[in-house]
Every structure is written in C-alpha cells, then in structure tokens.
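Student: In this note's numbering, the protein residues as written are 1 to 180. Even for Gly, the Cβ is constructed at its ideal location relative to N, Cα and C.
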Ligand SMILES: [Zn+2]
C-alpha cells in the first residue's frame with residue numbers, strides 16, 4: 001500500500017472498523033508512508049479532520065507493525081530500468097510523494113494531489129486552497145508536469161474525472177492534457 005500523502009481523503013481504506021476497533025484492511029501488506037507526512041500529520045495542531053483520519057487510518061497500521069516509514073525518494077522495488085519508486089513532491093503536504101512505476105520503458109506516475117484539476121495544467125502557477133505550502137506546491141507541479149512530458153509518462157491523478165489517466169503535452173503557454 002503506497003500512500004502519496006496523509007490527507008484524510010487519501011488514507012481512508014488503510015483500515016476498517018471491526019468490533020469497534022480500527023484494523024488494517026490488508027493484514028498481509030506493507031504500508032508505505034513518507035516520514036515527513038507521518039511527522040507533520042501527527043502534530044496535535046493539525047486540522048481536526050486530518051488529525052482524526054491519522055488516528056483511525058494511519059496509527060493502527062503502525063501499531064500492527066505493518067508500516068514502512070520512509071524518505072520521500074524511497075525505492076520500493078527496482079530492477080535495471082524498471083521498478084516502483086517514490087519521488088519527493090513536497091508542497092501539497094511536506095511529505096507528498098509521487099509513485100513512479102516503470103516497465104519496458106513505459107512509465108506511469110501516480111501523482112496524488114500534486115494536480116487536482118485539469119485547469120492546473122493550463123495554469124500550474126495558481127495556488128490551491130488545499131496545498132499546505134502553496135508556493136512550493138506550484139513549483140512542484142510545474143517541475144513534475146515538465147518531467148512527465150520529457151519521459152512521455154502516463155499520469156494517474158487522484159481527482160480527475162474517470163478514466164483519469166492521460167499524457168501531458170507542452171502547450172502554447174503551459175501544458176495540456178490528453179485523457180487516454
Ligand atoms: Zn491532499
């Protein structure tokens with residue numbers, strides 16, 4: 001289980017309620033969390049809904065011994081040219097990561113919330129209310145979109161309408177998106 005970040009709407013199925021207790025949904029899996037988000041969302045000062053999700057959907061996984069708390073550029077699985085690895089995408093949250101998956105030269109990038117809406121390809125410079133650090137999030141968004149063009153990667157944004165997958169292209173001012 002790879003969590004791109006630990007906002008409430010991205011951790012919900014980590015656990016389920018069983019006889020009044022939150023237990024890991026996938027007891028045979030390892031769950032990968034970035035260290036920066038694990039520390040950030042663990043602070044009592046964070047917004048209530050994210051704090052509550054952290055308590056019922058992250059901490060029980062750690063208590064069950066199933067969590068791997070890793071650096072933001074952690075390599076999950078790598079073979080020559082191929083593999084699954086994380087890349088730092090700080091801004092939306094301090095420990096936001098994208099998940100890269102590559103086989104046979106084709107790369108998929110699971111972007112979490114680096115991009116929320118296709119309008120952000122036209123204006124990747126516009127701050128977004130849910131970004132914890134809007135300036136850093138804008139810089140990360142522009143960097144990631146340019147990388148996706150250069151690598152001809154297929155993007156899998158978490159909040160685009162289904163089917164969300166698509167390719168980023170350079171457009172006149174910024175970028176455009178071609179849904180697959
Ligand atoms: Zn988010």
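(1) Go ahead and label residue 141 buried or exposed: buried means 16 or more other beta carbons lie within 10 angstroms of its beta carbon, across all protein chains shown.
(2) For residue 76 and residue 97, I'd like the C-alpha separation in whole angstroms.
(3) Grouping DSSP H, G and I as helix and E and B as strand, with all else coil, what is residue 48?
(4) Work out the CA separation of residue 94 and residue 85 for me, nearest whole Å.
(5) Indicate whether residue 88 and residue 32 have their beta-carbon atoms separated by less than 7 Å.
(6) Under the assumption that residue 109 contacts residue 59 (Cβ atoms under 8 Å), give the Cβ distance between them as a whole number of angstroms.
(7) Please work out which residues of its chain come closer than 8 Å, Cβ to Cβ, to residue 111, disregarding the five sequence neighbours upstream and downstream, and give them in chain order.
(8) Given that a residue counts as buried once 16 or more other Cβ atoms are within 10 Å of its Cβ, and exposed if not, what is residue 124?
(9) Closest to residue 22 by CA distance: which of 180, 39 and 52 is it?
(10) Please go through the same chain and pick out, in chain order, the residues whose beta-carbon is closer than 7 Å to the beta-carbon of residue 114, but skip the five residues on each side of it.
(11) Quick check on the DSSP output: what are the complete alpha helix (DSSP H) runs of length 4 or more inside the stretch 30-103, in order along the chain?
(12) Give every residue of the same chain whose Cβ lies closer than 7 Å to the Cβ of residue 35, excluding the five residues on either side of it in the sequence, and list them in chain order.
(13) If you check the beta carbons only, do residue 62 and residue 24 fall under 7 Å apart?
(14) Between the Cα of residue 18 and the Cα atoms of 119, 56, 120 and 42, which residue gives the shortest distance?
Tutor: Reading from the atomic positions:
(1) Residue 141 should be labelled buried.
(2) When the Cα atoms are used, residue 76 and residue 97 turn out to be separated by approximately 12 Å.
(3) Helix at residue 48.
(4) Residue 94 has its alpha-carbon roughly 18 Å from the corresponding atom of residue 85.
(5) Judged by their CB atoms, residue 88 and residue 32 are not nearer to each other than the 7 Å cut-off.
(6) With 8 Å as the limit, residue 109 and residue 59 do not qualify as a contact, their Cβ atoms being about 29 Å apart.
(7) The beta carbon of residue 111 is closer than 8 Å to those of 4, 89, 98, 144, 155, 156, 157 and 158 in its chain, skipping five residues each way along the sequence.
(8) With 16 or more Cβ atoms within 10 Å of its Cβ, residue 124 is classed as buried.
(9) Per the Cα distances, 52.
(10) Excluding sequence neighbours, residue 114 sits near 89, 92, 96, 98, 140, 141 and 144.
(11) Taken in chain order, the complete alpha helix (DSSP H) segments of 4 residues or longer contained in the stretch 30-103 are 35-40, 48-57 and 59-63.
(12) Taken in chain order, the residues that qualify are 69, 70, 71 and 95.
(13) Between residue 62 and residue 24, the C-beta spacing is not below 7 Å.
(14) Looking only at 119, 56, 120 and 42, the smallest Cα-Cα distance to residue 18 is reached by 56.
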